[in-house]
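Colleague:
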């Protein structure tokens, strides 16, 4: 059975309209965290000198990205963002089960499953990340990317699509990591088209909208407006991901 994405968007919108306490609470969380991370990123950014070649600029940026401080800051930002997203999905799960919205309870249950969520997320992005890093390093040295890098990118895209729902499944379920991976591979068998559309919307369309919004943040007023708009899109994306997972799982049986 196919998934009606138009109806899915309508269901997500109805959820957002009806659960105002959830929306307001996580909008505040997203605004505060995103704003803080933006200032941290701004303070840690090193300007690239003028009057240098493009190759020199790329080399400087790569050196900055490879510094231990930049890597540690990036990892901490990703972990924090992942926890907030998992926290939001857990809260949505509780509400969908008919429970009252409770931030502390959902945060506690998220922390119990968060290590597994991180491991599954790392598994999903590892091959494609290694491939992209190898390709970018080769291009920075004006070399052709290796066959291994191209293979990792292609295989990584396939693996990411097949396992993109695994972190959500583990978070809201009661299965072990190994069983979660096996179950998601079975659920995705001959259903890669729906998963591809989901990835296209969740990991390309929504980030693209956010990226376009950030271009408007050229002063303090617009920066605050962009933070609020970005927070709302992030919340809608979480609702969309959870609703897609539940429908995808239901239609498998």
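In the numbering used here, the protein residues as written are 66 to 318.
Note that CB positions come from ideal geometry on N, CA and C, so glycine has one too.
On a predicted model such as this, the values are computed, not experimentally measured, just so you know.
Does DSSP put residue 176 in a helix, in a strand, or in coil?
Modeller: One-based indexing of the chain shown puts residue 176 at position 111. Helix.
Colleague: Which term fits residue 303, buried or exposed, when burial requires 16 or more other beta carbons within 10 angstroms of its beta carbon?
Modeller: Working through the chain shown from its first residue, we reach residue 303 at position 238. Buried is the call here.
Colleague: Excluding the 5 residues preceding and the 5 following residue 86 in the sequence, name in chain order all residues of the same chain whose CB lies nearer than 6 angstroms to its CB.
Modeller: For this step, residue 86 is matched to residue 21 along the chain shown. Cβ neighbours of residue 86 beyond the five flanking positions: 166.
Colleague: Three-state secondary structure (DSSP) at residue 282?
Modeller: As a working note, residue 282 is residue 217 in the chain shown. It is coil, neither helix nor strand.
Colleague: With a threshold of 8 angstroms on Cβ separation, who are the neighbours of residue 189 within its own chain once the five nearest residues in sequence on each side are excluded?
Modeller: Your numbering for residue 189 matches position 124 in the chain shown. Excluding residues within five positions, the ones whose Cβ falls inside 8 angstroms are 224, 225, 228, 229, 231, 232.
Colleague: Is DSSP giving residue 254 helix, strand or coil here?
Modeller: Taking the chain shown and counting its residues from 1, one reaches residue 254 at position 189. DSSP places residue 254 in coil when its eight states are reduced to three.
Colleague: In angstroms with no decimal places, state the Cα-to-Cα distance between residue 209 and residue 201.
Modeller: For the purposes of this step, residue 209 is identified with residue 144 of the chain shown, where counting begins at 1. For the purposes of this step, residue 201 is identified with residue 136 of the chain shown, where counting begins at 1. Residue 209 and residue 201: Cα-Cα distance of roughly 10 angstroms.
Colleague: Three or more C-beta pairs under 8 angstroms: does that hold for the segment 213-220 against the segment 232-250?
Modeller: With a cut-off of 8 angstroms, the segment 232-250 and the segment 213-220 do not count as touching, because too few Cβ pairs lie within range.
Colleague: Nearest to residue 95 by alpha carbon, out of 298, 78, 140?
Modeller: Here residue 95 is taken as the residue at index 30 of the chain shown, counted from 1. Of 298, 78, 140, the residue nearest in Cα terms is 298.
Colleague: Would you give the residue range spanned by the alpha helix (DSSP H) that residue 322 belongs to?
Modeller: Look at the range of the chain in this structure, 66 to 318, and you will see that residue 322 is not part of it.
Colleague: With a CB to CB cut of under 8 angstroms and the five nearest residues on each side skipped, what residues in its chain are close to residue 185?
Modeller: As a working note, residue 185 is residue 120 in the chain shown. Once the five neighbours on either side are set aside, the close Cβ partners of residue 185 are 228, 231, 232, 235, 242, 245, 246.
Colleague: I need the straight-line Cα distance from residue 109 to residue 268, nearest angstrom please.
Modeller: The residue you call residue 109 lines up with position 44 of the chain shown. The residue you call residue 268 lines up with position 203 of the chain shown. Residue confidence is low: residue 109 scores 49 on pLDDT, short of 50, so the model does not pin down where it sits. No coordinate-derived value is stated.
Colleague: Have a look at residue 218 and residue 193 and give me their C-alpha separation to the nearest angstrom.
Modeller: The residue you call residue 218 lines up with position 153 of the chain shown. The residue you call residue 193 lines up with position 128 of the chain shown. Straight-line Cα distance between these residues: approximately 4 angstroms.
Colleague: So, residue 80 versus residue 154, is the Cβ gap smaller than 9 angstroms?
Modeller: Counted from its first residue, the chain shown places residue 80 at position 15. Counted from its first residue, the chain shown places residue 154 at position 89. Not in contact: residue 80 and residue 154 (Cβ atoms no closer than 9 angstroms).
Colleague: Using the Cβ count rule (16 or more neighbours within 10 Å means buried), how would you classify residue 113?
Modeller: The residue labelled residue 113 in the question sits at position 48 within the chain shown. Any reading at residue 113 needs caution, since the residue's pLDDT is 48, under 50, leaving its predicted position unreliable; the model's value is listed next. Under this definition residue 113 is an exposed residue.
Colleague: Take the Cβ of residue 152 as the centre, count every other Cβ of all protein chains shown within 10 Å, and call the residue buried at 16 or more, exposed below.
Modeller: Along the chain shown, one-based indexing puts residue 152 at 87. Answer is buried; the Cβ neighbour count reaches 16.
Colleague: Just the C-alpha distance for residue 203 and residue 195, rounded to the nearest angstrom, thanks.
Modeller: Here the question's residue 203 lines up with position 138 in the chain shown. Here the question's residue 195 lines up with position 130 in the chain shown. So the alpha carbons of these two residues sit roughly 12 angstroms apart.
Colleague: Restricting to Cα atoms, I'd like to know which of 98, 72, 292, 305 is closest to residue 270.
Modeller: Numbered from 1 along the chain shown, position 205 holds the residue referred to as residue 270. Minimum Cα distance to residue 270 is reached at 305.
Colleague: In or out: residue 296 buried (at least 16 other Cβ within 10 Å) or exposed?
Modeller: Against the chain shown, residue 296 aligns to sequence position 231. Buried.
Colleague: Residues in the same chain with beta-carbon distance under 6 angstroms from residue 263, minus the five sequence neighbours each way, listed in chain order, please.
Modeller: Residue mapping note: residue 263 aligns to position 198 of the chain shown, counting from 1. Taken in chain order, the residues that qualify are 309.
Colleague: On the criterion of 16 or more Cβ atoms from any shown chain inside 10 Å, does residue 111 qualify as buried, or is it exposed?
Modeller: Counting from 1 along the chain shown, the entry for residue 111 is found at position 46. With a pLDDT of 48 at residue 111, under the threshold of 50, the modelled position of that residue is not reliable, and the figure given next carries that caveat. With fewer than 16 other Cβ atoms within 10 Å, it is exposed.
Colleague: For residue 173, does the count of other Cβ atoms within 10 angstroms reach 16, so buried, or fall short, so exposed?
Modeller: Position 108 of the chain shown, counting from 1, holds the residue named residue 173. Residue 173 is exposed by the Cβ-count criterion.
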